[in-house]
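Below you'll find the structure, written out as structure tokens, and then a few comments.
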Amino acid sequence: MGLQALVLGATGLVGGELVAELLRSEAYDAVVVLTRRPLAVRHPKLRETIIDLEALEDHAETFRGVRDVFCCLGTTIRKAGSQAKFRKVDLEYPLRAAKIAKRQGAGQFLAVTAMGADPNSKIFYNRVKGEAEKAMASVGIQGVHLFRPSLLLGERNEFRFGEAAGAWVMKSLDPLMRGKAAKYRAMPARTLARAMVNIALTGTAGVHIYPNDVIRVLGTEAEDGCVNA
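Residue numbers (our numbering): 15 to 243.
Printed below as a string of structure tokens:
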């Protein structure tokens with residue numbers, strides 16, 4: 015029998031690419047998606063449940079039988095409306111999901127954080143991301159995998175001017191970003207999604223953090239059509 019995966023944040027840029035990768039993978043028999051609004055995807059393996067993240071615990075049973083839980087929840091302070099609401103989406107909800115996953119017997123928890131995540135950072139965004147990493151790692155799931163990408167490229171459902179401008183700049187500078195600067199290169203969201211699935215399929219125990227340059231290597235197939243060795 016194949017594996018079951020569960021995805022939180024499937025309507026976002028990374029989450030959408032991740033669901034597509036999981037549905038393509040022959041290793042997974044079922045892909046459970048907990049989402050605030052319906053996806054525009056239909057597939058025999060897809061099991062979609064519309065939820066309110068505030069009531070995530072009410073859907074704990076959907077985690078049963080799932081080995082790999084993928085968390086792609088994230089927002090911006092501008093979209094959230096306040097630092098408190100940002101903290102809820104980027105820290106509290108992922109932590110709740112990790113605790114439910116642990117109780118329901120999930121073997122792995124894979125989450126997207128950010129480059130610069132540091133619980134001791136003076137920058138609020140980086141500090142919350144770092145606190146989230148620390149909290150998720152402490153839950154006690156056998157395998158915890160935390161991904162720290164730089165700027166992600168792709169078509170979002172909502173327009174974010176700052177990220178769009180940043181993407182344009184990063185694309186322009188990409189040929190020049192070599193040596194020490196290479197670790198800051200932007201990447202397609204599909205590269206990150208592919209890296210997450212590749213890591214999940216290794217079934218590696220322990221807490222692991224993947225920086226931007228490592229993610230690019232792990233997700234190379236998604237970026238240029240090559241199969242990783």
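Heads up, the beta-carbon is just placed ideally off N, CA and C, and yes, glycines get one too.
Legend entry - Boundaries (first-last residue) of the alpha helix (DSSP H) holding Ala131: Where Ala131 is concerned, there is no enclosing alpha helix (DSSP H), given that its DSSP letter is neither H nor E.
Inset, instruction - Could you tell me if Asn134 is buried or exposed, where buried requires 16 or more neighbouring beta carbons within 10 angstroms of its beta carbon? - result: exposed
Inset, instruction - Identify whether Phe173 lies in helix, strand or coil by the three-state DSSP scheme. - result: With a pLDDT of 44 at Phe173, under the threshold of 50, the modelled position of this residue cannot be trusted; read the value that follows with caution. Phe173 falls in the coil class under three-state DSSP.
Inset, instruction - Below 8 angstroms on the Cβ atoms is my guess for Val211 versus Leu36; work out the distance and round it to an integer in Å. - result: 6 angstroms between Cβ atoms; contact.
Legend entry - Three-state secondary structure (DSSP) of Thr234: helix
Inset, instruction - Please report how far the alpha carbon of Lys102 lies from the alpha carbon of Leu53, in whole angstroms. - result: 23 angstroms
Inset, instruction - Output the boundary residues of the alpha helix (DSSP H) element that contains Leu105. - result: Segment: none, Leu105 is in no alpha helix (DSSP H) and carries neither H nor E.
Inset, instruction - Tell me the start and end of each unbroken beta strand (DSSP E) in the region 39-111 that is at least 3 residues and wholly inside, in chain order. - result: 42-49, 60-64 and 82-85
Inset, instruction - Taking the CB atoms as reference points, tell me whether Leu48 and Leu22 lie closer together than 8 angstroms. - result: yes
Legend entry - Closest Cα partner of Asp230 within the set Val221, Lys136 and Ala207: Residue identity differs from the one stated: residue 230 is Arg in this sequence, not Asp. Measuring from the Cα of Arg230, the nearest candidate turns out to be Ala207.
Inset, instruction - Leaving aside the five residues before and after Arg141 along the sequence, list all residues of the same chain whose C-beta is less than 8 angstroms from its C-beta, in chain order. - result: Asp132, Pro133, Asn134 and Ser135
Inset, instruction - Decide if Asp66 is buried, meaning its Cβ has at least 16 other Cβ atoms within 10 Å, or exposed. - result: exposed
Legend entry - Through-space distance from Ile64 to Arg117, alpha-carbon basis: 21 angstroms
Legend entry - Three-way DSSP call (helix, strand, coil) for Arg204 in this model: In the three-state reduction of the DSSP assignment, Arg204 falls in the helix class.
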